[in-house]
Amino acid sequence: MIKTPATKASLALRGLHWMMALAIASAWALAFAYEQFVGRFSLQKLLIHAHIVVGLSILVLVPLRYAVHLIRPLPPITPAPPRWQSWLSALVRTALYGLMLATPVLGFIVAQSSGRTIELFGIALPVLVGRDIAFSHAIEAVHENVALALLCLVAAHATVALVHHLIRRDNALRRML
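According to UniProt numbering, the sequence shown is numbered sequentially starting from 1.
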């Protein structure tokens, strides 16, 4: 029996892709909401805690998503794009993975260096970075800029997926739906 090639990504990869999209959007929304409620400390505390939990979730999901991608790679785009587009796609994917890892790692460093105890499901995570407020502020600026770069790249990724779907009319987007 001849096996027909897959036209969609595996269910695991599609699920992880959309969970990551939701987690990244949630982390951004929580950080944005945090900034809107200056002076409302109990609400800010809740928002920043949720932001940290989502960030830690992203930190766990990224290696899992990458492992699934290695085991069950995406089916090819049909019709095949030009070589330069495939090269650019690989570059953007690498940058996305790097930024998806760097952003929560930097956030973790910010939280710990500010003296915050990070709890996940009521369990305090080990302290890996000592309290240093000046360092925390410096890394926070880096964290915010890396997060902004991630958002810009995610927006570009979504835009290109729509271009593939609406203009090129290939299967690039359908592989993830």
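Every residue gets a Cβ at the ideal spot worked out from N, C-alpha and C, and that includes glycine.
Annotated three-state conformation of residue 120 is strand, per DSSP.
Assigned with DSSP and collapsed to three states, residue 129 falls in coil, not helix or strand. Of 13, 95 and 74, the smallest CA-CA separation from residue 61 is found for 13. Here residue 164 is buried, its C-beta having at least 16 other C-beta atoms within 10 Å. DSSP, read as helix, strand or coil, puts residue 135 in helix. Boundaries of the alpha helix (DSSP H) around residue 15: 11-36. Runs of the alpha helix (DSSP H) spanning 4 or more residues and lying entirely within the segment 43-125 occur at 83-113, in chain order. Judged by beta-carbon spacing, residue 50 lies within the 9 angstroms limit of residue 30, meaning their Cβ atoms are closer than that value. Apart from sequence neighbours up to five positions away, the residues of its chain that approach residue 101 with a beta-carbon distance below 6 angstroms are 62, ordered along the chain. Nearest C-alpha to residue 79 among 59, 168 and 132: 168. Note that the C-beta distance between residue 162 and residue 8 is not below 9 angstroms. Judged by beta-carbon spacing, residue 175 lies within the 9 angstroms limit of residue 74, meaning their Cβ atoms are closer than that value.
Between the alpha carbons of residue 116 and residue 17 lies a gap of roughly 30 angstroms.
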